[in-house]
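What follows is a single structure, written as structure tokens, with notes after it.
There are 2 protein chains.
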Amino acid sequence: MNTTHYQKVNAPERRAGPELMAKTAIKATRSVTRKSRANGAAAKRTRGEKVADKEEAIVAVAYEMIAAKGFARTTIAEIARKANVAEGTVYLYFENKEALASAVLSAFYKRLTAQAEAGVKKRDGVREKLIFLARHHLEGIIRESSILELITVTDRNSENYEGSALYQMNKDYVAVFDGVMREGVLTGVIAQEKASWITRDVFFGGLEYAMRTIMIRRRKKDVDAAVMGIVDMLIPPGAVQSGRTDLTALAGRLEAVASKLEGAAIPK
Amino acid sequence: MNTTHYQKVNAPERRAGPELMAKTAIKATRSVTRKSRANGAAAKRTRGEKVADKEEAIVAVAYEMIAAKGFARTTIAEIARKANVAEGTVYLYFENKEALASAVLSAFYKRLTAQAEAGVKKRDGVREKLIFLARHHLEGIIRESSILELITVTDRNSENYEGSALYQMNKDYVAVFDGVMREGVLTGVIAQEKASWITRDVFFGGLEYAMRTIMIRRRKKDVDAAVMGIVDMLIPPGAVQSGRTDLTALAGRLEAVASKLEGAAIPK
DNA sequence: TTCTGGTAATGAGTAGTATTCATTATTACT
DNA sequence: AGTAATAATGAATACTACTCATTACCAGAA
Numbered sequence: 002m003n004t005t006h007y008q009k010v011n012a013p014e015r016r017a018g019p020e021l022m023a024k025t026a027i028k029a030t031r032s033v034t035r036k037s038r039a040n041g042a043a044a045k046r047t048r049g050e051k052v053a054d055k056e057e058a059i060v061a062v063a064y065e066m067i068a069a070k071g072f073a074r075t076t077i078a079e080i081a082r083k084a085n086v087a088e089g090t091v092y093l094y095f096e097n098k099e100a101l102a103s104a105v106l107s108a109f110y111k112r113l114t115a116q117a118e119a120g121v122k123k124r125d126g127v128r129e130k131l132i133f134l135a136r137h138h139l140e141g142i143i144r145e146s147s148i149l150e151l152i153t154v155t156d157r158n159s160e161n162y163e164g165s166a167l168y169q170m171n172k173d174y175v176a177v178f179d180g181v182m183r184e185g186v187l188t189g190v191i192a193q194e195k196a197s198w199i200t201r202d203v204f205f206g207g208l209e210y211a212m213r214t215i216m217i218r219r220r221k222k223d224v225d226a227a228v229m230g231i232v233d234m235l236i237p238p239g240a241v242q243s244g245r246t247d248l249t250a251l252a253g254r255l256e257a258v259a260s261k262l263e264g265a266a267i268p269k
Numbered sequence: 002m003n004t005t006h007y008q009k010v011n012a013p014e015r016r017a018g019p020e021l022m023a024k025t026a027i028k029a030t031r032s033v034t035r036k037s038r039a040n041g042a043a044a045k046r047t048r049g050e051k052v053a054d055k056e057e058a059i060v061a062v063a064y065e066m067i068a069a070k071g072f073a074r075t076t077i078a079e080i081a082r083k084a085n086v087a088e089g090t091v092y093l094y095f096e097n098k099e100a101l102a103s104a105v106l107s108a109f110y111k112r113l114t115a116q117a118e119a120g121v122k123k124r125d126g127v128r129e130k131l132i133f134l135a136r137h138h139l140e141g142i143i144r145e146s147s148i149l150e151l152i153t154v155t156d157r158n159s160e161n162y163e164g165s166a167l168y169q170m171n172k173d174y175v176a177v178f179d180g181v182m183r184e185g186v187l188t189g190v191i192a193q194e195k196a197s198w199i200t201r202d203v204f205f206g207g208l209e210y211a212m213r214t215i216m217i218r219r220r221k222k223d224v225d226a227a228v229m230g231i232v233d234m235l236i237p238p239g240a241v242q243s244g245r246t247d248l249t250a251l252a253g254r255l256e257a258v259a260s261k262l263e264g265a266a267i268p269k
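Chains as they are written, first to last, in the numbering used here: chain U, 2 to 269; chain P, 2 to 269.
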């Protein structure tokens with residue numbers, strides 16, 4: 002275990018790049034020499050910036066490939082090739098394949114979070130916001146279902162999970178949901194009967210399982226059904242705002258149902 | 002691609018054993034020769050039975066190891082060694098590692114199903130049954146959380162998933178839940194507002210996510226909280242079984258009935 | 001501009017594991 | 001006991017994550 006100039010750190014998570022990163026940018030330098038980049042590649046920037054670019058490129062390629070073929074079928078060799086780096090280089094930026102998976106998952110959450118925040122800001126009313134969030138999440142995980150697999154791949158190290166970058170990313174993401182729920186409770190639309198983490202797990206867990214069902218059955222309309230079904234569980238659609246039962250309203254409701262029944266067959 | 006006497010079938014799933022299986026049992030034969038079994042090993046049974054035994058042994062060993070170390074860290078070589086067979090033998094019984102994972106997952110569901118059915122039979126009342134099911138499932142997946150990983154490992158082949166043995170096992174398992182829910186709807190305790198698959202996904206998905214949260218935070222009491230929280234989402238806690246009638250409870254009951262009638266009688 | 005210490009990048013080599021298949025052992029039955 | 005069919009074996013193959021000695025590159029100094 003001799004300590005060469007860039008040894009592997011024991012601490013998990015957070016490789017920042019080769020020894021550098023966050024070193025102040027200095028000057029513009031000449032353009033890339035060998036292996037001219039795929040894109041037009043204008044004059045290259047400082048060393049630190051190049052390092053950051055390279056890390057991003059690797060993550061981006063890995064993201065694409067994992068989304069397309071899944072984690073197991075994605076090889077480091079191919080990632081390296083498509084990112085225009087050597088295999089060894091990947092390991093300068095990421096401890097191992099799992100750490101790379103972690104970074105990809107973070108990127109996924111980051112993207113989802115940005116869209117979620119923007120979308121929530123646009124809507125009015127707790128119910129509308131929740132419907133948007135549910136649909137946004139469901140469509141996102143359907144589109145990139147392979148990425149979700151990374152949660153399992155990564156979870157092995159639940160030791161130091163709290164504090165990891167991935168944990169933070171996930172936290173930021175669910176915070177959007179939590180915020181909406183809190184708003185609901187404050188405005189009295191939602192009755193807070195249980196710990197918030199349970200509601201959260203039901204929401205995301207339910208959506209993930211719904212995704213699997215939908216992907217097996219391949220029905221477009223199922224997305225709507227799942228979204229509405231799950232939202233209705235969090236906000237009772239007929240929600241009596243006051244929390245007190247309104248007898249008059251109930252009577253009216255029963256009247257309406259009775260009328261409808263008169264014209265319909267008695268259910269089995 | 003020459004077809005030797007036992008070639009690999011293209012069809013996925015369902016390897017039954019080497020060419021045999023379901024051939025009629027014939028006679029008792031002498032005991033095991035080399036590699037005397039770990040257990041006392043009484044006189045061995047017919048060829049077909051031995052084959053079945055061997056398959057079970059492999060699955061059992063794989064089950065143990067995957068539950069203990071996870072799928073990736075479990076090697077075929079070690080499974081073979083602990084099951085007292087050669088590496089190649091494993092491939093006589095299972096197409097590949099993934100198919101073995103599938104068999105393990107099936108065994109897991111089978112075990113859960115038996116316990117679930119027995120437990121449900123013991124309880125009275127939809128609510129009690131659901132609480133039992135939720136706790137049973139949650140404790141089961143906490144105890145053997147690594148097994149759940151196999152769902153993802155296996156899911157790749159969603160093409161021919163329906164019809165697979167695994168699909169059937171899973172179906173049998175969730176059928177227990179479905180049965181209880183149906184009972185709830187029929188007795189009016191539960192309002193059937195949404196498609197049953199949504200309720201099901203919320204139930205199991207919510208429990209799985211709750212499991213993750215619980216395993217990270219390591220609080221015993223969280224299990225109870227999650228169980229009650231999720232069950233309450235399916236059966237509003239105020240739901241009256243019988244007996245006294247304060248107005249609020251009655252209203253809740255009527256709401257449920259009204260919803261049921263709407264869902265059942267009114268054509269979409 | 002040239003030099004130089006240190007950093008980044010490389011890719012052939014190592015180690016480990018799923019999978020195959022020619023060969024050998026075991027049956028069940030005559 | 002003989003034998004055709006079947007089951008079992010494990011060394012060889014094919015891949016892939018990961019390492020590390022070597023090389024290329026860069027930023028500043030002279």
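Think of the CB as a built atom: it goes at the ideal place given N, C-alpha and C, for glycine as much as any other residue.
Keep in mind that this is a model prediction, so the values were computed, not measured.
Query - Distance CB(U:Ala196)-CB(P:Ala135) smaller than 8 Å - result: Cβ distance not < 8 Å, so U:Ala196 and P:Ala135 don't count as in contact.
Query raised in the report: Ordered along the chain, which non-local residues of its own chain (more than five positions away) have a Cβ less than 8 Å from that of P:Glu145?
Result: Cβ contact annotation for P:Glu145 (same chain, cutoff 8 Å, sequence separation greater than five): Ala68 and Phe109, in chain order.
Query raised in the report: Can you find a CB in chain U that lies within less than 8 Å of the CB of P:Ala69?
Result: Any Cβ of chain U closer than 8 Å to the Cβ of P:Ala69 would place that residue at the interface, and such an atom is absent.
Query raised in the report: If you check the beta carbons only, do U:Gly120 and U:His137 fall under 8 Å apart?
Result: Yes.
**Report entry** Beta-carbon spacing of P:Glu140, P:Val60 below 8 Å
**Finding:** When the beta-carbon positions are compared, P:Glu140 and P:Val60 stay at least 8 Å from each other.
Query raised in the report: Would you say P:Ile105 and P:Tyr64 are within 8 Å of each other, going by their C-beta atoms?
Result: First, the residue type needs correcting, since residue 105 of chain P is Val and not Ile in the sequence shown. A contact, by the Cβ cut-off of 8 Å.
Query raised in the report: Can you tell me whether U:Arg128 is buried or exposed, with buried defined as 16 or more other CB within 10 angstroms of its CB?
Result: Counting Cβ neighbours within 10 Å, U:Arg128 comes out buried, since at least 16 surround it.
Report task. Would you decide whether U:Gly189 is buried or exposed? Buried here means 16 or more other CB atoms lie within 10 Å of its CB. Result -> U:Gly189 should be labelled exposed.
Query raised in the report: Checking contacts by CB at 8 Å: is P:Pro19 closer than that to chain U?
Result: Cβ-Cβ to chain U under 8 Å: no for P:Pro19.
Query raised in the report: Considering only C-alpha positions, which residue in the set U:Ala117, U:Asp156 and U:Tyr92 is nearest to P:Phe72?
Result: The candidate whose alpha carbon is nearest that of P:Phe72 is U:Asp156.
Report task. Just the C-alpha distance for P:Thr153 and U:Tyr162, rounded to the nearest angstrom, thanks. Result -> In this structure, the alpha-carbon of P:Thr153 lies about 21 Å from that of U:Tyr162.
Query raised in the report: Quick one: does U:Asp233 have its CB under 8 Å from some CB of chain P?
Result: For U:Asp233, the answer is yes, since a Cβ of chain P falls inside 8 Å of its Cβ.
Query raised in the report: Buried or exposed: U:Arg213, going by 16 or more other Cβ atoms within 10 Å of its Cβ?
Result: Residue burial annotation: U:Arg213 is buried, with at least 16 other C-beta atoms found within 10 angstroms of its C-beta.
Query raised in the report: Can you find a heavy atom of the ligand ZN that lies under 7 Å from the Cβ of U:Val60?
Result: The ligand ZN is absent from the structure shown, which contains no ligands of any kind.
Report task. State the DSSP-derived secondary structure class of P:Lys230, mapped to helix, strand or coil. Result -> A small fix is needed here, since residue 230 of chain P is Gly in this sequence, not Lys. P:Gly230 falls in the helix class under three-state DSSP.
Requested in this report: For the region 182 to 204 of chain P, enumerate the residues whose C-beta is nearer than 7 Å to any C-beta of chain U, in chain order.
Outcome: Taking 7 Å as the Cβ-Cβ cut-off against chain U, the residues of the region 182 to 204 of chain P that qualify are Glu194, Lys195, Ala196, Trp198, Ile199, Asp202 and Val203.
Report task. Determine the DSSP secondary structure at U:Ala100, reduced to helix, strand or coil. Result -> Of the three classes helix, strand and coil, the one that applies to U:Ala100 here is helix, per DSSP.
**Report entry** Under 7 Å from the C-beta of U:Tyr162: neighbouring residues of chain P
**Finding:** Those within 7 Å of U:Tyr162 in chain P are Ile217.
Query raised in the report: How about U:Gly114 and U:Val177: are their beta carbons less than 8 Å apart?
Result: The question names Gly, but residue 114 of chain U is Thr in the sequence shown. Cβ distance < 8 Å, so U:Thr114 and U:Val177 count as in contact.
**Report entry** Beta-carbon proximity list for U:Val228, same chain, < 8 Å, skipping 5 on both sides
**Finding:** Cβ within range, chain order: Ile132, Ala135, Arg136 and Leu139.
Query raised in the report: Taking only beta-carbon atoms, is U:Glu140 less than 8 Å away from chain P?
Result: With 8 Å as the cut-off, U:Glu140 does not count as an interface residue toward chain P.
Report task. Assign P:Ile217 to buried or exposed, taking buried as 16 or more other Cβ atoms, counted over all protein chains shown, within 10 Å of its Cβ. Result -> P:Ile217 comes out exposed.
Query raised in the report: Does DSSP put U:Glu129 in a helix, a strand or coil?
Result: Residue state, collapsed to three classes: helix.
Query raised in the report: Going along chain P, which residues have a C-beta under 8 Å from U:Ala226?
Result: The answer, in chain order, is Lys195, Ala196 and Ile199.
Query raised in the report: According to DSSP, is U:Lys122 helix, strand or coil?
Result: In the structure shown, U:Lys122 sits in a helix (DSSP, three-state: H, G or I).
Query raised in the report: Is there at least one Cβ from chain P nearer than 8 Å to U:Glu65's Cβ?
Result: Not flagged as an interface residue toward chain P: U:Glu65, since no C-beta distance is shorter than 8 Å.
Query - Classification of U:Thr76 by the beta-carbon crowding that lies within 10 angstroms, buried from 16 upward - result: Its Cβ having fewer than 16 others within 10 Å, U:Thr76 is exposed.
Requested in this report: May I have the straight-line CA-CA distance separating U:Arg112 from U:Gly164, to the nearest angstrom?
Outcome: The straight-line gap from Cα to Cα measures roughly 20 Å.
Query - Where P:Pro19 sits in the DSSP three-state scheme - result: Note: P:Pro19 maps to coil in three-state DSSP.
Query raised in the report: Below 8 Å between beta carbons: does that hold for U:Glu79 and U:Met66?
Result: Cβ atoms of U:Glu79 and U:Met66: closer than 8 Å.
Query raised in the report: Name the chain P residues that come within less than 9 Å of U:Glu150, Cβ to Cβ?
Result: The contacting residues are Thr153, Val154 and Asp156.
Query raised in the report: Where U:Asn97 and P:Ala102 are concerned, what is the direct C-alpha to C-alpha distance, given to the nearest angstrom?
Result: Distance between the alpha carbons of U:Asn97 and P:Ala102: 25 Å.
Query raised in the report: So which of U:Arg220, U:Ile215 and U:Leu235 has the shortest CA-CA distance to U:Asp179?
Result: Out of U:Arg220, U:Ile215 and U:Leu235, U:Leu235 has the C-alpha closest to the C-alpha of U:Asp179.
Query - Inter-residue Cα distance where the pair is U:Arg74 and U:Ser147 - result: Using only the alpha carbons, I get a separation of about 11 Å.
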